[in-house]
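Peer 1: Below is one structure. I have some questions about it.
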Amino acid sequence: MDPIDLPFAKRTLDNGLDVLVHEDHHVPIVAVNVWYHVGSKNEVFGRTGFAHLFEHLMFEGSEHHNSGYFPPLQQAGALLNGSTNTDRTNYWEVVPTSAVDLALWMESDRMGYLLPALTKQRFETQRDVVLNERRQNYENRPYGLGMMVMSAALYPSDHPYHWMTIGAADDIRAMQLEDVQSFFRTYYHPSNASLAIGGDIEAERAFDLAEQYFGELSPGPRPARVTAAASLTRESRLVLEDRVEMPRVYMAWHSPAMFSEGDADMDLAADLLANGKTSRLYRTLVYERRLALDVSAYQSSRELGSFFLLAATAAPDQSLTDIAALIDTEIQALADKGPSSSEMERAAAQAEAHFMYRLQTVGGFGGKSDQLNAYNVFTGNPGFFPTDVARYRDATAETVRAAVAQYLAFDRRVLLSIVPRGQAALALPGSEPVAAS
Amino acid sequence: MKADRSHLPQVGPDPSFTFPTIVRHTLSNGLDVRTLEHHSVPLVTFVMQIEGGSGADVAGYEGLAAITADMVDEGTGALSAIDVSEALARIGAEYDVDVGSDATVFTLSTLARFAERGSSVLADLLTRPSLREEDFDRVRQLRLDRLRQIKDLPPAVAERAFLRLLYGTHPYGHLSIGNDASLRGMGLGDVTTFHARTCRPSHSALVVAGAMSHERLVRLAEDAFGHWTNGDARSDPAPVAAADIEPAPTQPCMAVVAREGAAQSELRIGHLSARRDTPDYAALVVMNAILGGQFVSRVNLKLREEKGYTYGARTGFDWRRGLAPFSLQASVHTAATADAVRDSVNELEAIRGSRPPSDTEMSLAKASLTRGYPRNFETAHQVARSVAQLVLYGLPDSYFENFVPRVNAVTATDVTAAARKYIDPARLTTLIVGDYAAIGESLNALGLGEVEVLGPS
Chain A
0 MDPIDLPFAK RTLDNGLDVL VHEDHHVPIV AVNVWYHVGS KNEVFGRTGF
50 AHLFEHLMFE GSEHHNSGYF PPLQQAGALL NGSTNTDRTN YWEVVPTSAV
100 DLALWMESDR MGYLLPALTK QRFETQRDVV LNERRQNYEN RPYGLGMMVM
150 SAALYPSDHP YHWMTIGAAD DIRAMQLEDV QSFFRTYYHP SNASLAIGGD
200 IEAERAFDLA EQYFGELSPG PRPARVTAAA SLTRESRLVL EDRVEMPRVY
250 MAWHSPAMFS EGDADMDLAA DLLANGKTSR LYRTLVYERR LALDVSAYQS
300 SRELGSFFLL AATAAPDQSL TDIAALIDTE IQALADKGPS SSEMERAAAQ
350 AEAHFMYRLQ TVGGFGGKSD QLNAYNVFTG NPGFFPTDVA RYRDATAETV
400 RAAVAQYLAF DRRVLLSIVP RGQAALALPG SEPVAAS
Chain B
0 MKADRSHLPQ VGPDPSFTFP TIVRHTLSNG LDVRTLEHHS VPLVTFVMQI
50 EGGSGADVAG YEGLAAITAD MVDEGTGALS AIDVSEALAR IGAEYDVDVG
100 SDATVFTLST LARFAERGSS VLADLLTRPS LREEDFDRVR QLRLDRLRQI
150 KDLPPAVAER AFLRLLYGTH PYGHLSIGND ASLRGMGLGD VTTFHARTCR
200 PSHSALVVAG AMSHERLVRL AEDAFGHWTN GDARSDPAPV AAADIEPAPT
250 QPCMAVVARE GAAQSELRIG HLSARRDTPD YAALVVMNAI LGGQFVSRVN
300 LKLREEKGYT YGARTGFDWR RGLAPFSLQA SVHTAATADA VRDSVNELEA
350 IRGSRPPSDT EMSLAKASLT RGYPRNFETA HQVARSVAQL VLYGLPDSYF
400 ENFVPRVNAV TATDVTAAAR KYIDPARLTT LIVGDYAAIG ESLNALGLGE
450 VEVLGPS
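From first to last, the protein sequence lines stand for chains A and B. Just so we're aligned, residue 0 is where the first sequence starts under numbering that gives the first Met the number 0, counting upward by one. Just so we're aligned, residue 0 is where the second sequence starts under numbering that gives the first Met the number 0, counting upward by one.
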């Protein structure tokens, strides 16, 4: 296997802003990528949805460009977007080399000077846009409320993963402009941010430009680290009635935090169990027994602690009970005997290719600039790429087996059945009804 | 040096951009092969484009092209579906099938050092699929179940009903997945026949892009596909392509697919409009960017930013070789449905002359289409898919390098003329998937015609 790497240079400005630069001269474009180490985990129960609504407001103008964020950048040929999750908020532009100054000017202006441009009217419009986003992506989508129920069941209400990033509709409606202002002062400043510049630009020039546009900004207080722990002590069974045709079962467990020991093993276990036709559960549930229409699994790696999720949708007239029993059988087999050497070879090939595919684009979600910021924000080491590759290369059948045995315990998990309205009897036996909206 | 915040920085002249050289080859069996060197990352992508697609489904067999494409990786030679998947996983391959209206596109990407194995698996699948009864039975059942599930997906329900209203019984008038009756009515024999009829080198094109020389790329193609033959089907009369069938005119209407208690209404407003090879293409692309093709377009600014009706609204052409639809799409808050329809129709009307594009709109639209153009060609996969589009629409190899000057030559007058020619408010069909009890009355009050309630299928 060829050694693969994601080379970079790093400097930290006097105000605490980390600047990471990666050169790639294949296409005349430059990626600008900014991470703020804030997400819905920095919210409290009863006032949720804040970090994400705030992301919308970052596109409404800042003091020295007091109108929409999109027009000047799109006029320069930029592609741009932003996103919020539990742990971080990111913003990016991909611009032609001719517009690097513009992108950095715009990003720095909203980092330093957002509040003077933040009016009540802009705030209220974006609050409505977010409520629409919530209706479109959660309320009006089959199984769209499932993860809200799962999050609430996995974590107690004082744990910041108890709610989803989109937030509760009532909380969003109750937000006030003043709340937004204090949120900005707490989290949006250079010492809580990381800037990555990647693409067709010389590193020295990139550092000079970063200093020129961001150097003047005040550092701001470093926010306190959020800490929270959660554990499950039993198996809980829930049922949600929804506008769906087929019943689906979700199973979730707590699992090791992002980049900690066992995290990569659980990621590999997800692939072995339920991703692709070669996976054990696809083969038994979908291909051979035809009990399920689909099955999937993933290790949702997060800062404070992860969860491992399995989901399977019942084929017509098949029962979730039979599906859950087969899933348990496969988990038990993996915990007892571990993956075969053939399965581990396959996983290694897929991991190698996966990291190589990740080196194809400089910008956007998941591009090289986004990865540098992810490593920097979550591990403090932007050069973590080869270590990340090694986590997968070094996993063995025994480490995967041990992780499965340790974390996928049957007596410490949440089982959620989502069934068509009026058909609660299709849920796993003993499930308690829950509501979500 | 501190930043000058009294004005935005100047944007410099556009960087020069050259599309990778496309080298054309024709194999002895007639297969059109195009190769591109792409050296940034040691990967290779194969794109096999086979003419036909869902537009080749004949009446009563809707979904045949798609299920045939799905059957291709269900086994070849001694390999079962699981074995095929295993072989692909062992080279870290990404395999994808896209069933379009005019062609089906099979894409396989892998590490450059596995290029031979990748092309060989792809060739086995496409030219020698097992097409076994038990696999067909399982795949068909999964598709029937999928059809049941998409009844709960408002965008899919809207798309299906809208295509039907626009195209009637024309071969473009159905979703590629087909319908319950057509899927139940077909057998493995139909798949075998369809595969033999369409999957032929003389009606296909292979684009190979990757981190190696043209010589090696074409050798990969030759080794894998050189022995592929046109088979007995060569003498069959070629069926008429969907693109060559003129859609019968349909009646404009306002229709609702009822979805009781829906939090939002899924909206489609449009009509059949233009073919991809229209000489007005550049003017239409600029017009669409202004109207609804980007974040700062008229409809998104109106419906999302000004009114707060929606998370996003857009317009676009669903391009085909033949006559393609132009439509506005949005998912709007139920209470705002009628207002959103009215505002949308007003925008479609205004761009035809009462509110011609301003200089700012023109420069913004053109800049967003041209200045960032090189970023569309960053990966081998993007480059290969782009070249497949050239083949599909019969465009010259110089197309990507000429795109920018062509767009820059469009004037505001051209945009207004194109809008008048290709958007006709009198012909608009409006389709809404939403809570009829909550929106029916206000829709009828719009004066855009009596609302027709469509059945669930």
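No residue lacks a Cβ here, since even glycine has one placed at the ideal position from N, Cα and C. Only a predicted model underlies this, so the values are computations on that prediction, with no experimental measurement involved.
Could you check whether VAL148 (chain A) and LEU427 (chain A) sit closer than 7 Å to each other, using their CB atoms as the reference points?
Peer 2: Taking the first sequence and counting its residues from 1, the one referred to as residue 427 (chain A) is at position 428. Taking the first sequence and counting its residues from 1, the one referred to as residue 148 (chain A) is at position 149. In terms of Cβ geometry, LEU427 (chain A) and VAL148 (chain A) do not form a close pair [threshold 7 Å].
Peer 1: In whole angstroms, give me the CA-to-CA distance for THR359 (chain B) and THR124 (chain A).
Peer 2: Against the second sequence, residue 359 (chain B) aligns to sequence position 360. Against the first sequence, residue 124 (chain A) aligns to sequence position 125. Near 24 Å, if we compare the C-alpha coordinates of THR124 (chain A) and THR359 (chain B).
Peer 1: Could you list which residues in chain B have their beta carbon closer than 7 Å to that of VAL128 (chain A), in chain order?
Peer 2: What you label residue 128 (chain A) is simply residue 129 of the first sequence in a count that begins at 1. Result: ARG303, GLY307, TYR310.
Peer 1: So, helix, strand or coil for THR429 (chain B), using DSSP?
Peer 2: In the second sequence, the residue the question calls residue 429 (chain B) occupies position 430. In the structure shown, THR429 (chain B) sits in a strand (DSSP, three-state: E or B).
Peer 1: Please report how far the alpha carbon of LEU143 (chain B) lies from the alpha carbon of LEU292 (chain A), in whole angstroms.
Peer 2: Along the second sequence, read from residue 1 onward, the residue named residue 143 (chain B) stands at position 144. Along the first sequence, read from residue 1 onward, the residue named residue 292 (chain A) stands at position 293. In this model, LEU143 (chain B) and LEU292 (chain A) are separated by some 10 Å (Cα to Cα).
Peer 1: Is the Cβ of THR378 (chain B) closer than 7 Å to any Cβ of chain A?
Peer 2: On the second sequence, position 379 is the one that residue 378 (chain B) refers to. Cβ-Cβ to chain A under 7 Å: yes for THR378 (chain B).
Peer 1: By the three-class DSSP mapping on this structure, what secondary structure does LYS301 (chain B) have?
Peer 2: Position 302 of the second sequence, counted from the first residue, corresponds to residue 301 (chain B). Helix at LYS301 (chain B).
Peer 1: What does GLY81 (chain A) pair with, by DSSP beta-bridge criteria?
Peer 2: In the first sequence, residue 81 (chain A) corresponds to position 82, counting from 1. Partner(s): A:TYR90.
Peer 1: Going by beta carbon distance, what residues of the same chain come within less than 6 Å of LEU193 (chain A), once the five residues before and after it are set aside?
Peer 2: Stepping through the first sequence from its first residue, residue 193 (chain A) is reached at position 194. The displayed chain sequence assigns Ser, not Leu, to residue 193 (chain A). Excluding its 5 nearest sequence neighbours in each direction, SER193 (chain A) has C-beta neighbours in its own chain below 6 Å: ASP17, TRP34, ASN372, ASN375, VAL376, listed in chain order.
Peer 1: Out of curiosity, what's the CA-to-CA distance linking SER234 (chain B) and ALA195 (chain B)?
Peer 2: Start at 1 with the first residue of the second sequence, and residue 234 (chain B) comes out as number 235. Start at 1 with the first residue of the second sequence, and residue 195 (chain B) comes out as number 196. Unreliable positioning characterises SER234 (chain B) in this predicted model, as indicated by a pLDDT of 49, which lies under 50. The coordinate reading is nonetheless provided below. Near 12 Å, if we compare the C-alpha coordinates of ALA195 (chain B) and SER234 (chain B).
Peer 1: Could you name the residues of the region 250-269 of chain B whose beta carbon sits closer than 7 Å to any beta carbon of chain A, in the order they occur along the chain?
Peer 2: Interface annotation for the region 250-269 of chain B against chain A: ALA261, ALA262, GLN263, criterion Cβ-Cβ distance under 7 Å.
Peer 1: Are the beta-carbon atoms of PHE105 (chain B) and VAL207 (chain B) separated by less than 7 Å?
Peer 2: For the purposes of this step, residue 105 (chain B) is taken as the residue at position 106 of the second sequence. For the purposes of this step, residue 207 (chain B) is taken as the residue at position 208 of the second sequence. At a Cβ-Cβ threshold of 7 Å, PHE105 (chain B) and VAL207 (chain B) do not count as neighbours.
Peer 1: Let me confirm a value: PRO8 (chain B) is counted as buried when at least 16 other C-beta atoms fall within 10 Å, else exposed. Which label applies?
Peer 2: If you number the second sequence from 1, residue 8 (chain B) lands on position 9. That one is buried.
Peer 1: Looking only at its own chain, which residues have a Cβ that is under 6 Å from the Cβ of GLU73 (chain B), when we skip the five neighbours before and after it?
Peer 2: In the second sequence, residue 73 (chain B) corresponds to position 74, counting from 1. So the list reads ALA80, ASP134, once near-sequence residues are dropped.
Peer 1: Return no unless some Cβ of chain A is closer than 7 Å to the Cβ of ASP396 (chain B).
Peer 2: Locating residue 396 (chain B) in the second sequence gives position 397, counting from the first residue. It does not; no Cβ of chain A falls within 7 Å.
Peer 1: Taking the alpha carbon of ASN287 (chain B) as the reference point, which residue from B:VAL432, B:VAL406, B:LYS1 has its own alpha carbon closest?
Peer 2: Looking up residue 287 (chain B) in the second sequence gives position 288. Its Cα nearest to that of ASN287 (chain B), the residue B:VAL406 stands out among B:VAL432, B:VAL406, B:LYS1.
Peer 1: Which one or two residues does DSSP pair with HIS24 (chain A) in a beta bridge?
Peer 2: On the first sequence, position 25 is the one that residue 24 (chain A) refers to. DSSP, once it has assigned bridges, lists no residue as partnering HIS24 (chain A).
Peer 1: 7 Å is my cut-off, CB to CB: does GLY371 (chain B) come that close to chain A?
Peer 2: By one-based count along the second sequence, residue 371 (chain B) stands at place 372. Answer yes: the Cβ-Cβ gap between GLY371 (chain B) and chain A drops below 7 Å somewhere.
Peer 1: Pick out whichever of B:ALA257, B:GLY311, B:ARG297, B:LEU87 has its Cα sitting closest to the Cα of GLU115 (chain B).
Peer 2: For the purposes of this step, residue 115 (chain B) is taken as residue 116 along the second sequence, with counting starting at 1. Minimum Cα distance to GLU115 (chain B) is reached at B:LEU87.
Peer 1: Which class does LEU358 (chain A) belong to by DSSP, given the choice of helix, strand or coil?
Peer 2: Your numbering for residue 358 (chain A) matches position 359 in the first sequence. The answer is coil: DSSP assigns LEU358 (chain A) none of H, G, I, E or B.
Peer 1: CA-CA distance, LEU219 (chain B) and GLY230 (chain B)?
Peer 2: What you label residue 219 (chain B) is simply residue 220 of the second sequence in a count that begins at 1. What you label residue 230 (chain B) is simply residue 231 of the second sequence in a count that begins at 1. Looking at the two C-alpha atoms, the distance is approximately 22 Å.
Peer 1: Please report the distance separating the alpha-carbon of LEU446 (chain A) from that of LYS420 (chain B).
Peer 2: The structure shown does not extend to residue 446 (chain A), since chain A is modelled only from 0 to 436, so the question has no answer here.
Peer 1: Kindly list the residues whose CB is nearer than 6 Å to the CB of GLU50 (chain B), restricted to its own chain and excluding five residues on each side of it in sequence; keep chain order.
Peer 2: Along the second sequence, read from residue 1 onward, the residue named residue 50 (chain B) stands at position 51. These residues qualify, in order along the chain: ALA102, HIS202.
Peer 1: What residues of chain B sit near THR96 (chain A), judged by a beta carbon separation below 7 Å?
Peer 2: Counting from 1 along the first sequence, the entry for residue 96 (chain A) is found at position 97. Those are PRO14, listed as they occur along chain B.
Peer 1: Among residues of its own chain, excluding the 5 on either side of LEU284 (chain A), which ones have a beta-carbon nearer than 7 Å to its beta-carbon?
Peer 2: Translated into positions along the first sequence, residue 284 (chain A) becomes position 285. Same-chain partners within the cutoff: LEU290, ALA291, VAL294, ALA311, ILE322, LEU325.
Peer 1: Give me the Cα-Cα distance between ASN28 (chain B) and ALA223 (chain B), rounded to the nearest whole angstrom.
Peer 2: Against the second sequence, residue 28 (chain B) aligns to sequence position 29. Against the second sequence, residue 223 (chain B) aligns to sequence position 224. Cα to Cα, ASN28 (chain B) sits roughly 12 Å from ALA223 (chain B).
Peer 1: Taking the DSSP output, what are the residues bridged to TYR453 (chain A)?
Peer 2: Lying before the first or after the last residue shown, residue 453 (chain A) is absent from chain A, which here runs from 0 to 436.
Peer 1: Which parts of the region 295-361 of chain B are runs of the alpha helix (DSSP H), unbroken and 4 residues or longer, counting only runs that do not cross its ends?
Peer 2: Secondary structure remark: continuous alpha helix (DSSP H) runs of at least 4 residues inside the region 295-361 of chain B, in chain order: 336-349.
Peer 1: Between LEU124 (chain B) and VAL156 (chain B), how many whole angstroms is the CB-CB distance? I'm expecting something under 8 Å.
Peer 2: Sequence index remark: in the second sequence, residue 124 (chain B) carries index 125 (1-based). Sequence index remark: in the second sequence, residue 156 (chain B) carries index 157 (1-based). The Cβ separation is near 32 Å, so there is no contact.
Peer 1: What are the partner residues of VAL207 (chain B), as DSSP defines its beta bridges?
Peer 2: Taking the second sequence and counting its residues from 1, the one referred to as residue 207 (chain B) is at position 208. In the DSSP output, where bridge partners are listed per residue, VAL207 (chain B) has B:THR34, B:PHE45.
Peer 1: Which residues in the same chain as LEU56 (chain A) place their Cβ atom closer than 8 Å to its Cβ, once the five residues preceding and following it in sequence are excluded?
Peer 2: The count along the first sequence starts at 1 and reaches residue 56 (chain A) at position 57. Cβ within range, chain order: LEU113, LEU117, ARG121, PHE122, GLN125, VAL179.
Peer 1: Beta-carbon within less than 6 Å of ASP13 (chain B)'s beta-carbon, same chain only, minus the 5 sequence neighbours each way: which residues are those?
Peer 2: Your numbering for residue 13 (chain B) matches position 14 in the second sequence. So the list reads ARG370, once near-sequence residues are dropped.
Peer 1: Have a look at A:SER254, A:TYR68, A:ILE200 and flag the residue whose alpha-carbon is nearest the alpha-carbon of ALA401 (chain A).
Peer 2: Here residue 401 (chain A) refers to the residue found at position 402 when the first sequence is read from its first residue. Considering only alpha carbons, the answer is A:SER254.
Peer 1: Taking any Cβ of chain B, which residues in the region 10-22 of chain A have a Cβ under 8 Å from it, in chain order?
Peer 2: Those would be none; no residue qualifies.
Peer 1: CA-CA distance, ILE149 (chain B) and ASP136 (chain B)?
Peer 2: In the second sequence, counting from the first residue as 1, residue 149 (chain B) sits at position 150. In the second sequence, counting from the first residue as 1, residue 136 (chain B) sits at position 137. ILE149 (chain B) and ASP136 (chain B) have their C-alpha atoms roughly 20 Å apart.
Peer 1: Is the region 341-354 of chain B touching the region 422-429 of chain B in the sense that three or more CB pairs, one from each, lie closer than 8 Å?
Peer 2: Yes, the region 422-429 of chain B touches the region 341-354 of chain B.
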